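See below for the structure under consideration.
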Amino acid sequence: MKKVMNAGLGLLMAAAIAAPTQAEDVKIGMITTLSGGGAHLGVDARDGFMLAIEQAGRDDVEVLIQDDAQKPDVAKSLADEFVQRENVDIMTGIIWSNLAMAVIPSVVRQGTFYLSVNAGPSDLAGRLCHENYFNVAWQNNSLHEAMGEYMSTEGFENAFILAPNYPAGTDALEGFKARYTGELANEVYTQLGQTDYAAEIAQIRASGADSVFYFLPGGMGIAFMKQYAGSGVDIPVYGPAFSFDEIIIGAIGDAAIGVRNTSQWAYDLDNAANQTFVSSFREKHGRTPTLYASQGYDTARLILAALEVAHPDDKDAFREALRAADFDSVRGDFRFGTNHHPIQDIYVREIVASGDGVTNQLVGVAVEDMQDVYVDQCSM
Amino acid sequence: MTLSLLFEQLLNGLQLGTMLFLMASGLTLVFGVMGLINLAHGSFYMTGAFVTAWVTGTTGNFWVGLLAGTLAAAAVGALVEFAVIRRLYHRDHLDQVLATFALILIFSEGTRWLYGSSPLWLNVPGSLAGSVTLPFGVEYPLYRLAIIGMGILIAIGLYLLISRTRLGMRIRAGENDREMIGALGVDISTLYTLVFALGAGLAGLAGATIGALQSVQVGMGEPVLILAFVVIVIGGIGSIKGALVGALLVGVVDTLGRVLLPDVFKLFMGASAASGVGAAIASMLIYILMAIILIFKPNGLFAVKH
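The structure is reproduced here in C-alpha cells:
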C-alpha cells in the first residue's frame, strides 16, 4: 500500500514539475482591489481586462486573479507568490498608488514585466522608472494637470483643492497646481478612506473660494459629493474622472449634474475600437464601463498585440513590442514616452441626465498630446 | 478661523461623537456584562446600513427603512449571540477575538454575495434635506443636527434604562458579579441575548443613519469599530458614562485636529507641506490622546471597579 502511495506521489510530483515546461503558455498575474470601498475600480479593471482576453480567444494565455483588499502588505505577499511560486511572465492590476509603490519596484527588478492598469505614481515615472515597467493608463498627475489648465481657461482664480493624503493624492494636487494659474483658497489633505467630510465642507464654505477641485476616488467621492450637495454650499466643483466615474455619479444622482471632469477616455469617444469595447462590455456586464474598465481593456490588448510579436521569455523582443504599442487603443491616439508612460489627449466630460440616471458626456479636448512632467527624471 | 467656523466644527465634532457613542455603548455593554471582546460589532453597523438602504429602496420610505435596519441588526445580533457568541463566554479573549474576527469575514463576504461590491444608494430623507441657519450665522445641514438630537435622546434613554428599570438593574448586577446574578435566579442567557441584541441594534441604527450621509458599502463598519474601541478604552471599558464622554472627546478632538493642525503648521512651513504634515498628525491625534489619558488613568476615565 505504501509503495502504491509513494508511486502515486512520485507521479504527482513529476506532473507538477513537468507542467511549467510547456513553454509556449503565457501566465499573467493580476492583483487588484475586489473588496472594500475601492472595489468597483478593481472590478471594472478586471472585467475590462478579461473581456479583451476572451475576445482574443487565445487558450494559451492564463490569467490568475487575486484580491489585495486595498492593503499594501496583502498586495506585496501576493506579488511574491506570483513571482516566486507561480512564475508569472507578466503582472498587472494594481489600482492604488500606495500598493503600487509596495509591489512594482521589486517585481520589475526580478525581471517580471509589470503593466499598470491604473496607478501611476510620480516616482515610477521619474527616478524609479524601469525598463520592465509600463503604464497603460496615465501618470497620476495627468488628469489633474489637465483640469488645472481647463479651470484656468474657464477663468477661475481662487480654487479650494482637496485630496487624500497618499502618493496619488499628493501627485493630484501637485499636478493641478502645475498648470493652474490662479490663487488657492486652501489646500487640504484628508485621510485615505475617509467617509465624513463635514469638517472639510465647513472649511470650503468659510474659504470664499470660487471653485472646488477634488480628487476622491471610489467610495470617498460618493460620500463627499452627497454631503456637499446636502450642505447648501453652492460653489461649483471640478475634478478628474476618478471623482466622477459612472459608478460614483450613479450613486450621487442628480446632485452631480453639470459637473465637468477630465479623463483620458470617454465611453462616447468616436472610434471603432471604443464602440466595440463599450457595446460588448454593456452586453456582457449590463452596465456602462468606467475609465478603469477601458484601462484594463487597453492593457490586455497591448499585451495581446505584443504576444503576436514575441513571447515574454524573449525579454528584449517582448519589451520592444510593448514599447511599440501597436494596438488600437479605445482612447484614440496612444503612444509611449521614453519613460514608458502614455502620451495622449485628455478630454473634458460633463455629467448630464440620461434616462432615469446620470452619465458622463464628452465635451471636448482639454490638453492634446499630454506627457507627464517626470519624463526628464527618468534615466532610461 | 472665524467664530462661526469654529462653532460649525464643534457641531461636526459633536455629531461624530454621538455616532461613535451609539457604536461604543453597545461594545462597552457587551464587554462589561459578558466580558466579551466583540470585533464583529462593525458588522451589525453594516447590516443596519444595508438593510436600511434595501428597504428604503423597495418601499421608498426612509423611516420604514431605518426601523427595519435597526430591528434587523438587533435580530442578527440576537441570532449571532445564540449561535456563536454564547460558546465564547468562558473562553479566553484570544479565542473571542479569533471567532469574532471570523464573523467579520463571514459577514463581509455574505453581504458582498447578497448585494455585490458596488456601494449602495441611500439618501437623506426629504424632510431632513437642506440646511438651517443657527446662531453665529452658521448654516448647518438639518440631517446632521437631527443626528445630534437623536444621539442625545438615546444617551438619556440608555441612562434611564440602566438606572431605572429592572433590566437595567440586572445589567448593572451582571457587570458587578456574573456568577452571583445567575445564582440569584436571573435567567442569565436571556439577559445576555437581550444585551447583545440591544448593542447590535444601536450599532445598526448608527450604520443606517450614517449610511445616508456616506456610502453604504462592504467593510464600512471596521474603521468605525476601531474608533469605537479607542472610545471605550478612553472612557473605561464597561462604563456607559465613559463611552459617552469618550465618544464626544474623540469626535471633537478628531474634527478640530483635522481643521486646526494644518493651520498651526502653516505658521512655520509652506502651505502644501503644512497641509500634508498637519493631516498626517491629525490622523494620529486621537491615538495620542488615548495614550496620554492611559498614562494618567490606566483604566480609562471612568474605570469600572470589579
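Protein chains in written order, with the numbering used here: chain A, 1 to 380; chain B, 1001 to 1306. For every residue, glycine included, the Cβ atom is placed at its ideal position computed from N, Cα and C. Predicted, not measured: the structure shown is a model, and the values here were computed from it.
Against chain B, the CB of Ala168 of chain A has no partner CB under 8 Å away; the residue lies outside that interface. Just so you know, the alpha carbons of Arg349 of chain A and Thr1111 of chain B end up roughly 34 Å apart. Residue state for Ser1025 of chain B is assigned as helix, using DSSP reduced to three classes.
Counting C-beta pairs with one atom in each stretch, the segment 176-190 of chain A and the segment 139-158 of chain A have three or more that are closer than 8 Å, which means they touch. Using a Cβ-Cβ cut-off of 9 Å, Gln66 of chain A is close to nothing in chain B; its nearest Cβ partner there is about 15 Å away. Three or more pairs of CB atoms, one per stretch, sit closer than 8 Å, so the segment 1194-1214 of chain B contacts the segment 1018-1029 of chain B. Thr1190 of chain B and Leu1285 of chain B have their C-alpha atoms some 40 Å from each other. Contacts with chain A at 8 Å (Cβ-Cβ) include Glu1008 of chain B. A Cβ of chain B is located within less than 8 Å of the beta carbon of Val43 of chain A.
A direct Cα-Cα distance of roughly 21 Å separates Val61 of chain A from Gln110 of chain A.
Around the CB of Thr181 of chain A, fewer than 16 other CB atoms lie within 10 Å, so the residue is classed as exposed. Separation of Val83 of chain A and Phe134 of chain A (C-alpha to C-alpha, rounded to the nearest whole angstrom) is 17 Å. For a Cβ distance threshold of 8 Å, residue set Pro1262, Ser1275, Ala1279 of chain B lies close to Val188 of chain A, ordered along the chain.
Bridge pairing for Val63 of chain A: A:Ile28 [DSSP]. Relative to the Cα of His1041 of chain B, the nearest Cα in the group B:Lys1297, B:Pro1298, B:Leu1198 belongs to B:Leu1198.
Residues of chain B whose Cβ lies closer than 7 Å to the Cβ of Ser231 of chain A are, in chain order, Ser1131, Pro1141. Assignment of Thr299 of chain A by DSSP, reduced to helix, strand and coil, places it in the helix class. Boundaries of the beta strand (DSSP E) harbouring Ser116 of chain A: 113-116, taken from the DSSP string. Apart from sequence neighbours up to five positions away, the residues of its chain that approach Pro121 of chain A with a beta-carbon distance below 7 Å are Ser97, Ala100, Met101, Asn140, Pro167, Ala168, Asp171, ordered along the chain.
Boundaries for Ile257 of chain A: no alpha helix (DSSP H) harbours it, and the DSSP string shows neither H nor E there. The beta carbon of Asn1061 of chain B does not come within 8 Å of any beta carbon belonging to chain A, so the residue lies off that interface. The C-beta of Asp1254 of chain B has 16 or more other C-beta atoms within 10 Å across all chains shown, which makes the residue buried. Shown in chain order are the members of the segment 1206-1217 of chain B whose Cβ falls below 7 Å from a Cβ of chain A: Leu1213, Gln1214, Ser1215, Gln1217.
Secondary structure remark: continuous alpha helix (DSSP H) runs of at least 4 residues inside the segment 245-291 of chain A, in chain order: 246-252, 272-285. DSSP, read as helix, strand or coil, puts Tyr197 of chain A in coil. Nearest neighbour of Glu157 of chain A by Cα position, chosen from A:Val117, A:Met30, A:Arg323, A:Ala209, turns out to be A:Ala209. Setting aside the 5 residues that flank it on each side, Thr1193 of chain B is surrounded in the same chain by Ala1078, Glu1081, Phe1082, each with a C-beta closer than 7 Å to its C-beta; the list follows chain order. Per DSSP, Tyr1045 of chain B lies in no beta strand (DSSP E) segment; the continuous alpha helix (DSSP H) that holds it begins and ends at 1041-1059. Residue A:Thr92 holds the alpha-carbon nearest to the alpha-carbon of Ala45 of chain A among A:Thr92, A:Glu149, A:Asp73, A:Gly36.
Apart from the 5 residues on each side of it in sequence, Glu1222 of chain B sits with its Cβ closer than 8 Å to the Cβ of Gly1042, Ile1104 in its chain, given in chain order.
Cβ-Cβ separation between Ala1282 of chain B and Arg1258 of chain B: approximately 5 Å, consistent with a contact (criterion under 8 Å).
Boundaries of the beta strand (DSSP E) around Ile351 of chain A: 342-354. For Glu1139 of chain B and Asp326 of chain A, the gap between their C-alpha atoms comes out near 56 Å.
Sequence-distant partners of Leu1261 of chain B (beyond 5 residues in either direction) whose C-beta falls short of 6 Å from its own C-beta, in its chain, are Gly1278, Ile1281, Ala1282.
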